[in-house]
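See below for the structure under consideration.
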Amino acid sequence: MTNIAADSLTYRFGGHQSFALRTAWLPKAAQAIQDDDDVFSDPLRGVVRLGLGKNMVESLRAWVEAYGIATRQYGKWRLTPLGEALLGAGGYDRFLEDEQTLWLLHWNIATLRQSPFFAWELLINRWSERFFTASEVMTAFGREAERALRPLSSVSARQHFDVWLHTYLRGRNGRGEEGIDSPLSSLALVARAGDRETLQGRREPVFAFDLDPKPTISDALFSYCLHDWWNKSFEFEETVSLSSIAFGHNAPGRVFRMPEDEVLARVMRLASSRGARVELIESFNQFMLHRPASPPATELLRDLFRQQPAVELIDA
């Protein structure tokens with residue numbers, strides 16, 4: 001199979017101004033964009049309209065694109081079809097109250113193809129261990145900077161990791177915007193897991209990924225992400241292996257940290273469902289998933305948001 005090589009991408013370590021996403025930010029940005037209020041080209045206008053500091057407005061500009069909510073086209077910011085379905089007028093989840101929506105945001109930023117953030121690439125797509133520490137991550141950051149021949153200060157590297165960590169870790173301390181948890185922290189994908197001694201004799205926190213089943217991820221969301229990954233990574237292939245779905249780069253099993261047996265169970269349900277778009281076959285003692293054609297993204301979004309007001313917005 002032809003796959004998109006991770007090493008061919010150019011990664012970012014900044015642009016977020018050291019701020020993780022806050023719960024109210026995307027809804028605020030979406031409303032401003034719908035009102036044709038260009039809050040990102042003019043930072044002072046963004047400060048007034050969004051009620052955020054200048055650096056936070058610049059951070060939000062990076063996040064609306066990274067999370068797949070809005071993009072700048074022909075000199076104007078517009079909501080993406082997904083942004084419209086989620087946060088547009090009558091949208092499915094205008095205030096990010098549904099945990100499934102948060103998993104979808106996690107999927108979008110973890111599988112970003114244009115100038116992805118390196119912390120997501122490293123820790124979501126390359127990190128194979130359940131546990132990790134800041135010093136281990138900093139060592140990996142340094143190797144990437146050397147490989148790419150880009151200057152990266154230890155301060156910038158640590159800020160980038162902290163932004164990633166604060167995106168998923170609960171229980172930050174502080175006041176005002178600084179003390180607000182990221183909405184994705186409610187996914188509990190990352191948690192503190194004690195501490196360990198470094199080679200220098202200091203103690204540092206140990207963090208761990210949640211590797212348990214993910215019941216809050218619906219089969220419709222899994223299907224949407226499966227086809228999104230398939231289209232981007234194996235666009236011209238009709239068949240992919242179960243192991244690729246479970247462990248491949250940017251694949252649903254890896255991005256969601258799902259056990260392999262859960263991935264198999266979900267694929268089996270998708271293949272046996274009414275109007276199934278895929279077929280599960282066994283070939284050379286391994287499971288393969290066959291897809292005769294790529295279903296339109298609008299149909300997958302309809303499945304995801306069915307019986308919700310946003311369904312009519314998708315084709316708008």
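Those letters in the sequence shown? Residues 1 to 316, by this note's numbering.
We treat Cβ as the ideally placed atom computed from N, Cα and C, and that holds for glycine.
Give me the residue from the options with the minimum Cα distance to residue i.
| i | options | result |
| --- | --- | --- |
| Leu289 | Thr298, Pro295, Glu279 | Glu279 |
| Leu165 | Gln34, Leu60, Ser59, Leu123 | Leu123 |
| Phe19 | Pro215, Phe236, Phe284, Leu52 | Leu52 |
| Ala30 | Glu238, Pro252, Gly88, His106 | Gly88 |
| Leu189 | Tyr168, Arg49, Thr198, Thr101 | Tyr168 |
| Asp228 | Glu197, Lys28, Leu104 | Leu104 |
| Phe256 | Asn285, Leu102, Gly194 | Leu102 |
| Met56 | Val163, Arg192, Phe287 | Val163 |
| Phe141 | Asn125, Arg158, Ser128 | Arg158 |
| Leu187 | Ser244, Ala265, Trp107, Cys225 | Trp107 |
| Asn285 | Arg147, Gly46, Lys28, Ser241 | Ser241 |
| Asp212 | Leu152, Glu260, Leu60, Thr198 | Glu260 |
| Ala293 | Ser41, Thr139, Gly201, Glu235 | Glu235 |
State the CB to CB distance for the pair residue i and residue j, rounded to an integer number of angstroms; the pair is presumed to be in contact (CB under 8 Å).
| i | j | result |
| --- | --- | --- |
| Leu304 | Leu184 | Actually they are not in contact, since the Cβ atoms of Leu304 and Leu184 sit about 18 Å apart, beyond 8 Å. |
| Gly15 | Ala70 | About 15 Å; that fails the 8 Å criterion. |
| Glu58 | Gln17 | 5 Å |
| Arg12 | Ser115 | 5 Å |
| Glu144 | Phe161 | Not quite, the Cβ-Cβ distance comes to about 12 Å (not below 8 Å), so this is no contact. |
| Leu300 | Ser244 | With 8 Å as the limit, Leu300 and Ser244 do not qualify as a contact, their Cβ atoms being about 19 Å apart. |
| Ser272 | Gln100 | Rounded, the Cβ-Cβ distance is 22 Å, inconsistent with contact. |
| Thr23 | Leu96 | 6 Å |
If we count the other Cβ atoms within 10 Å of its Cβ and call it buried at 16 or more, is residue i buried or exposed?
| i | result |
| --- | --- |
| Pro296 | exposed |
| Ala276 | exposed |
| Asp93 | buried |
| Val48 | exposed |
| Arg203 | exposed |
| Lys214 | buried |
| Leu82 | buried |
| Tyr74 | exposed |
| Glu121 | buried |
| Arg192 | exposed |
| Ile33 | buried |
Against chain B, does residue i count as a neighbour if the rule is that its beta carbon must be under 8 Å from one of theirs?
| i | result |
| --- | --- |
| Ala246 | The structure shown contains no chain B, having only a single protein chain. |
Just to confirm the assignment: which complete alpha helix (DSSP H) runs, minimum length 4, are found wholly within the region 32-84? Counting only runs of 4 or more, we get 43-50, 54-66.
Is there contact here, the region 206-220 with the region 128-138, by at least three beta-carbon pairs under 8 Å? Verdict: yes, contact present.
Could you give the uninterrupted runs of the alpha helix (DSSP H) lying entirely in the region 95-168, keeping only those of 4 residues or more? For the region 95-168, whole alpha helix (DSSP H) runs of length 4 or above, ordered along the chain, are 99-110, 134-147, 154-168.
Does the region 249-268 come close enough to the region 103-117 that 3 or more CB-CB pairs lie under 8 Å? As far as the Cβ criterion goes, the region 103-117 touches the region 249-268, which means the pair count is three or higher.
Beta strand (DSSP E) runs contained entirely in the region 205-261, provided each spans 3 or more residues: You should have 239-241.
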